[in-house]
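Remarks on the structure that follows.
Protein chains in written order, with the working numbering: chain A, 1 to 566; chain B, 1001 to 1566.
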């Protein structure tokens, strides 16, 4: 299953669409010179195309298994992980003082996109490590940082996040795991956690679990949750590994896809752990990590969409059938061309949104400017939900492009659809993302949204001189979104929640129009033609979505549970 | 995985939405009294809920396998098939002179819907048999009919359709299988066929293959194709089985879903076959069968959507999480309620369309009226593509409703999504359906479409007095569809094809609005509330779709293959 990292798309997006120059112009990220970016993209592409992509099918066909308590990973995954670690990719955005490269998250996002497109199930491992590194950088004591960060960044150790319990999924506050103080400053952590991605493996020396649990004096709900580092092997203060901790993999899940990634049920029985951050402030620490992890998951969706698109394009431009003109392949048929163009246009839109999100995070980091923080916070749920929905949709269109071959596993098209399916669920379901957007992210009465809409409308106004046919519909769509947003922020939460998912989708569609317009204004060739497809054919989707939003909750909640069961 | 056949939905649709009374009022179908309908629905529900539904998961977990040339079917499938056969369900619409019940296809459609919802992979077998029975009834010689029809209808023998070859998928005219006359009136059939659903099994005495092949004097393309009956065991004229024919299962496909249904690569090596219908007229015979088989596949999509909906509803009304009011379950959350309502509303819309399609077929059969034929022909591609797209979408929403559990195979939600995926592909991909709609089905300059739109608008006009809030948007949507249809029929084929898929979808959305309005006008309670959800929130989707349609082909085909690969 060949995969070719879309370097030219990344370069175009960074240079002409999401204004990466402003990141590179900051002191904080002055290392991110154009030459450095080219080097990063080139090297990550080489790793992804040559080392990781060949692991994609074996990971599906030979799932990770649990044998006598030991997780055996898929063939080649140990070598693949080693190559990722040796390239320095785990710590690309981590602090240089612990061995990281200290580069912008925007570049890390391009690298994660390529690695995810090449082999999603393996890439999930370094993504989890990156989340843990970030959490420790922000919240851990210096002592913990010194022990864990160098090993995580080098890839000698790997990291996991332990949030979910059987009775506590989206409602994290319902978790019951406990942590009792020991007399040496550590804690005895007990409880069962589920859905632990890469809960164990057979290639890292240690596996470091960040576990949410309750201290004895904790209040109920989210304000009584603390965060603990619970390693598989207990290190001394120099990082030398000692005794096995009292934790184990109970079982691995049998999943629809992502077979190469062992998803564990973990059990902690008075396992030794160390507090990360303040007591009862675990959720805040988790949120730091989760916001960026959400961008990471968005990138997974986009990476898989890219791979599924390439796979379908290869098939469609190779398969000769019917009375096709030109190349004689099915890609000459209008309906197949429509599928391919829609896939490519949607990948571009989703990728632009996620990179703009990453730029906002980098600018917030570099400048400390609250406006950038607000921009990043607004874009995060949109990136996550839209990027992963596009992952699912493009993978489905990829199957459809293959016809009957799409349903046959050996073709490989089905694996993309099965693998990417989890991305709309984990790290907060896409419904949760949409609720986050219309509630938490609009506690500012929509200020961040309106600021972004101002920019979109100003860009469209400016574009009208050159490309009125494209700029005008983008301006109109933004204005409709503005009016709906004005209505939305005046409603109570339930009215917002009722239309949260279509609202997020419409917002993403408008953003996609904005970035496609920027592309068309910079490139009078292929990118303008693709933008024309998107703006004229796909962007109008927002009209029906926003009509849905404006209906509010009443008629929806009027459909009772009895109605649904009747 | 409990499944409960939605009998009350069928009764409501037949009585109040698709005017089944007119079918029962014909001489041809005078047996289809209300009592008979109730008996059929009740018995088929019992079979589906109690006998077939328990086979759904075992079929997935223990796929059919090929062992030393013999297909071993999934556990319980032999008994399940026997129960279907003994209930008379294979021949529900077949002619009574050969043992069929002679009942309307509309009733057969409700039965197929229930059986598909209960166990899709097994139900595909009788569906293939029904297609073969119909082809033989219309095209076979009396001698062939006498031998094959009673055995197929009784379920002693099963039937398959052999169209596809590796180089000839959607382009059937490219097929190469050959048939040479023997000196006894039979033919020697040779060739390889792929994607043969239920190509063999270990529970029927004989497997009867309808095979498309070329006679020696055949012209190229679709006008040189003939249809042959090629049985696994060669019967004498009394139906006693004789020698094994020269055909074999080469392999079974490893598929994304539908594991219980053995999908075979078949090889025919001078296998003995008999011509069905006229020489070189095989495609016409195949089309007779395929049109109704397309409705059968639509019904598969809808049946699985129903089952996936029930499964998600059970989970959502059982799962307690977060600060939900009322029942305390996640079904109280607005976004979950939105998912559930959209699933139920879409199943209703798709089912109404397919039953209206079946009514049109029955009325054409009973009256010979061309207008009914045209109505049936128009609705068939819409039923097939929309019914199966809704199958895929509802199954996906079902996974999403389950959160993390949706990705775990043991939950069962994923199987619906994997199984139903093939329905958008086989029996003509949904892209092919859409092209059929805008081309072949509009060779009448749109007359059949406009006649249907007249009815929709008249019903909406009449509804304005009672339910103006619902009738007005349906009328407006129909009028927008009419204007787009007027534009469409004035365009050349490529312009039509470019927007064929969004056009079909918009047509289905408007039809869904029409049938939901009819439901609301008959039932002031739950059905009106569901119709309100659909008409106000889902129907507006047509606006963006029709905008896409009206863009034609130019800007689409301007996106070149080089652009796509750049």
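Idealized CB from N, CA, C, for every residue including glycine.
Predicted model, so just to flag it, every value in this text is computed and none were measured.
Partners in chain A for residue 1540 (chain B), counting only beta-carbon separations shorter than 9 Å: Within 9 Å Cβ-Cβ: 543, 544, 545, 546, 547, 548.
field: Neighbour flag for residue 164 (chain A) against chain B, beta carbons, 8 Å
entry: yes
message: With H, G and I counted as helix, E and B as strand and the rest as coil, what does DSSP make of residue 1130 (chain B)?
response: helix
message: Taking 8 Å as the limit between beta carbons, can you name the residues of its chain near residue 1255 (chain B), skipping five residues before and five after?
response: Closer than 8 Å at the Cβ level, and outside the excluded window around residue 1255 (chain B), lie 1263, 1422.
query: Assuming residue 572 (chain A) and residue 295 (chain A) make a contact with CB atoms under 8 Å, what is their CB distance in whole Å?
result: Residue 572 (chain A) falls outside the range modelled here, since chain A spans only 1 to 566, and no answer is possible.
- request: Taking residue 1403 (chain B) as the query, report the chain A residues whose CB atoms sit under 8 Å from its CB, ordered along the chain.
  value: 169, 170, 425, 429
- request: For residue 254 (chain A), go through chain B and note every residue whose CB falls closer than 9 Å to its CB, in chain order.
  value: 1408, 1409, 1410
message: I want to know whether the region 1010-1029 of chain B touches the region 513-523 of chain A - three or more CB-CB distances under 8 Å.
response: no
- request: Would you verify that the beta carbon of residue 68 (chain A) is, or is not, closer than 8 Å to some beta carbon of chain B?
  value: no
- request: Tell me whether the beta-carbon of residue 237 (chain A) lies closer than 8 Å to the beta-carbon of residue 147 (chain A).
  value: yes
message: Given this structure, state the Cα-to-Cα distance separating residue 231 (chain A) from residue 23 (chain A), to the nearest angstrom.
response: 36 Å
- prompt: Are residue 1077 (chain B) and residue 1260 (chain B) touching if we call contact CB-CB under 8 Å?
  reply: Yes. Within cutoff.
- prompt: Hey, does residue 1003 (chain B) have any beta-carbon neighbour from chain A nearer than 8 Å?
  reply: no
task: Kindly examine the ligand NAP and report whether one of its heavy atoms sits closer than 7 Å to the Cβ of residue 172 (chain A).
output: Among the components of this structure there are no ligands whatsoever, and the ligand NAP is therefore not found.
message: For residue 1435 (chain B) and residue 1109 (chain B), what's the separation of their Cα atoms in angstroms?
response: 24 Å
query: In terms of residue numbering, what span does the alpha helix (DSSP H) encompassing residue 348 (chain A) cover?
result: 334-367
query: Span of the alpha helix (DSSP H) holding residue 479 (chain A)?
result: 468-489 is the span of the alpha helix (DSSP H), which, as asked, contains residue 479 (chain A).
task: Return no unless some Cβ of chain A is closer than 8 Å to the Cβ of residue 1566 (chain B).
output: Yes, its Cβ sits closer than 8 Å to a Cβ of chain A.
- request: Leaving out five residues on either side along the sequence, give the residues of the same chain with a beta carbon under 8 Å from the beta carbon of residue 342 (chain A).
  value: 397, 533, 537, 538
task: In angstroms with no decimal places, state the Cα-to-Cα distance between residue 1498 (chain B) and residue 498 (chain A).
output: 34 Å
message: Tell me which residue opens and which closes the beta strand (DSSP E) that residue 273 (chain A) is part of.
response: Going by DSSP, residue 273 (chain A) is part of the beta strand (DSSP E) stretching over 263-276.
message: For residue 231 (chain A), list the residues DSSP reports as bridge partners.
response: Answer is A:208.
- prompt: Since residue 1327 (chain B) meets chain A, which of its residues come closer than 8 Å, beta carbon to beta carbon?
  reply: 561
- request: Let me know the secondary structure DSSP gives residue 559 (chain A) once reduced to three states.
  value: coil
- prompt: Can you tell which of B:1449, B:1251, B:1208 has the C-alpha that lies nearest to the C-alpha of residue 408 (chain A)?
  reply: B:1251
query: Quick one: which chain B residues come within Cβ less than 8 Å of residue 128 (chain A)?
result: None at all; the shortest Cβ gap to chain B is about 16 Å.
message: Is it the case that the region 112-119 of chain A contacts the region 136-150 of chain A, given that we only count it when at least three CB pairs across the two stretches are under 8 Å?
response: no
message: By the three-class DSSP mapping on this structure, what secondary structure does residue 313 (chain A) have?
response: helix
task: Check the DSSP bridge columns for residue 284 (chain A) and list the partner residues they point to.
output: For residue 284 (chain A), which the question treats as bridged, DSSP gives no partner whatsoever.
Proximity below 8 Å, CB of residue 1369 (chain B) to CB of residue 500 (chain A): no
Chain A residues whose Cβ lies nearer than 7 Å to that of residue 1015 (chain B): Within chain A, no residue comes near residue 1015 (chain B); the closest Cβ sits about 16 Å away, beyond 7 Å.
query: Given that residue 1153 (chain B) touches chain A, what residues does it touch there, using C-beta distances under 7 Å?
result: Around residue 1153 (chain B), no beta-carbon contact reaches into chain A at under 7 Å, the shortest distance being about 29 Å.
message: Given this structure, state the Cα-to-Cα distance separating residue 165 (chain A) from residue 379 (chain A), to the nearest angstrom.
response: 28 Å
field: Exposure of residue 123 (chain A), with buried meaning 16 or more beta-carbon neighbours within 10 Å
entry: buried
query: Can you find at least 3 beta carbon pairs, one from the region 437-449 of chain A and one from the region 319-330 of chain A, that sit closer than 8 Å?
result: Here the region 437-449 of chain A makes no contact with the region 319-330 of chain A; the two share fewer than three CB pairs at distances below 8 Å.
Chain A contact for residue 1442 (chain B) (CB, 8 Å cutoff): no
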